[in-house]
Amino acid sequence: MYIRTMTTSPLPRYSLVIPAYNEEKRIAGLFDAIPQFDGELIVICDGSDHTADVIGDIAEKRPDLCIRCIRFPSRLGKGGGVIAGFRAARAPLIGYVDADGSTGIDEMIRLFGHLGPVDAAMGSRWIPGSMPAIRQSWARRLESRGFNFLIRSLFGLSFHDTQCGAKVFKKSAVDAVLPYLISQGFEFDVELIWRLLRAGARIEEVPIAWQNKGDSRVRKGDMLRMFFGLLRIRLHPAAT
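Reading the sequence shown from the start, the letters are residues 0 to 239 in numbering that gives the first Met the number 0.
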């Protein structure tokens, strides 16, 4: 692991983790859309491209932002990347967001605002009040609904959209379940939510403004790995 802190600051209000696997072509757009942020932006670079170098250039041009780049020599998976970011986070309120910019920083700040009475707030594209600017294809939406049915059956979760890449938490709630997390892939979202609920956390699903950016990192092979990953989580003896 290689850690490079681009900008230092006092204890931040928020820590926002951005998993960035081979995102050199579009990561700049995410930061261009951030006029300001009262917290630290932790970018997890675990790919083979020049994402970390791009982040370094951005940090030099944006001293107004607290940007931390954590580089790993090998692929962590989505879950592994988010967990690495959580472990590095310094703020009492933490979260993660997709590197493609499908969820704007204003929406993430709004999610953080829901953390008064609850321990976690998760953005949803599938409940009343959500505003998908550009909808997914019918095939992708069908896959999403099928996956949601699967996790409802396996885990009894009543949420409509566990896979939306916009979630925030009280760090104390995440720290309580972090030692039990076993997933490294895209099924990580489900495990985190499930273990938080089992630990007594209060979770709110919040409608969100979201824009489909295309070029999803979830491939056909990932879907099969997610299925077996979910079975492993459900049957794993370690539990909170």
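Beta carbons are placed, not taken as given, at the ideal position from N, Cα and C, and that holds for glycine.
So the beta strand (DSSP E) LYS24 belongs to, where does it begin and stop? Working through the sequence shown from its first residue, we reach residue 24 at position 25. Under the DSSP assignment, LYS24 falls outside any beta strand (DSSP E); it carries neither an H nor an E label.
Along the chain, where does the beta strand (DSSP E) containing ARG12 start, and where does it finish? Mapped onto the sequence shown, residue 12 falls at position 13. No beta strand (DSSP E) holds ARG12; DSSP gives it neither H nor E.
My assumption, with CB atoms under 8 Å, is that LYS166 sits in contact with TYR95. Please give the rounded CB distance. Residue numbering aside, residue 166 sits at position 167 when the sequence shown is read from its first letter. Residue numbering aside, residue 95 sits at position 96 when the sequence shown is read from its first letter. Distance from LYS166 to TYR95 at the Cβ level is roughly 6 Å; contact confirmed, criterion being Cβ atoms closer than 8 Å.
According to DSSP, what are the bridge partners of TYR95? Along the sequence shown, read from residue 1 onward, the residue named residue 95 stands at position 96. Under DSSP, TYR95 shares a beta bridge with VAL16 and LYS166.
Selection from VAL205, GLY199 and ILE41 that minimises the alpha carbon distance to GLY128: Here residue 128 is taken as the residue at index 129 of the sequence shown, counted from 1. It is VAL205 whose Cα lies nearest to the Cα of GLY128.
Whose C-beta lies closer than 6 Å to the C-beta of ARG74 among residues of the same chain, with five residues either side of it excluded? Walking along the sequence shown from the start, residue 74 turns up at place 75. If we look at ARG74 and ignore the five residues flanking it on each side, its Cβ neighbours are ASP45.
Keeping to the same chain, check which residues put their C-beta closer than 8 Å to that of ILE202; ignore five residues upstream and five downstream. Counted from its first residue, the sequence shown places residue 202 at position 203. So the list reads VAL117, ASP118, ALA119, ALA120, MET121, PHE158, ILE192, LEU195 and LEU196, once near-sequence residues are dropped.
Mapping DSSP to helix, strand and coil, what is VAL53? Indexing the sequence shown from 1 puts residue 53 at position 54. Judged by DSSP in its simplified three-state form, VAL53 adopts helix.
Exposure label - MET225; buried when at least 16 CB within 10 Å: On the sequence shown, residue 225 is found 226 positions in, with the first residue counted as 1. By the 10 Å Cβ count, MET225 comes out buried.
Could you check the C-alpha separation between GLU106 and LYS60 for me, to the nearest Å? To locate residue 106, count along the sequence shown from 1; it is residue 107. To locate residue 60, count along the sequence shown from 1; it is residue 61. Each residue's Cα considered, the two are about 24 Å apart.
What are the boundary residues of the alpha helix (DSSP H) that VAL189 is part of? Within the sequence shown, numbered from 1, the residue matching residue 189 stands at position 190. 187-197 is the span of the alpha helix (DSSP H), which, as asked, contains VAL189.
Beta-carbon proximity list for SER182, same chain, < 7 Å, skipping 5 on both sides: Locating residue 182 in the sequence shown gives position 183, counting from the first residue. Take SER182, set aside five residues on each side of it, and the residues of its chain with a beta-carbon closer than 7 Å to its own are GLY78, GLU190, GLY228 and ILE232, in chain order.
Since I believe LEU40 is in contact with LEU10 (beta carbons under 8 Å), could you give me their beta-carbon distance rounded to a whole number of angstroms? Looking up residue 10 in the sequence shown gives position 11. Looking up residue 40 in the sequence shown gives position 41. The Cβ separation is near 15 Å, so there is no contact.
Which residues in the same chain as PHE30 place their Cβ atom closer than 6 Å to its Cβ, once the five residues preceding and following it in sequence are excluded? Numbered from its first residue, the sequence shown carries residue 30 at position 31. Here the set comprises ILE57.
Give the secondary structure of GLY84 by DSSP, where H, G and I count as helix, E and B as strand, and everything else as coil. As a position in the sequence shown, residue 84 is number 85, starting the count at 1. The answer is helix: DSSP assigns GLY84 an H, G or I state.
Looking at the secondary structure, which residues open and close the alpha helix (DSSP H) in which ILE207 lies? Taking the first residue of the sequence shown as position 1, residue 207 is located at position 208. No alpha helix (DSSP H) contains ILE207, which DSSP labels as neither H nor E.
Where are the beta strand (DSSP E) runs, 3 residues long or more, that stay fully inside the region 97-128, in chain order? Complete beta strand (DSSP E) runs here, min 3: 119-123.
With 16 as the cutoff for other CB atoms within 10 Å, does GLN35 come out buried or exposed? For this step, residue 35 is matched to residue 36 along the sequence shown. With fewer than 16 other Cβ atoms within 10 Å, it is exposed.
Based on DSSP bridge pairs, tell me the residues matched to MET130. One-based indexing of the sequence shown puts residue 130 at position 131. The partner list for MET130 (beta bridge, DSSP) reads ALA208.
ARG86, buried or exposed, once every other Cβ within 10 Å from all chains shown has been counted against 16: For the purposes of this step, residue 86 is taken as residue 87 along the sequence shown, with counting starting at 1. Its Cβ having fewer than 16 others within 10 Å, ARG86 is exposed.
Here's the rule I'm using: 16 or more other beta-carbon atoms within 10 Å means buried, otherwise exposed. How should ASP37 be labelled? By one-based count along the sequence shown, residue 37 stands at place 38. ASP37 comes out exposed.
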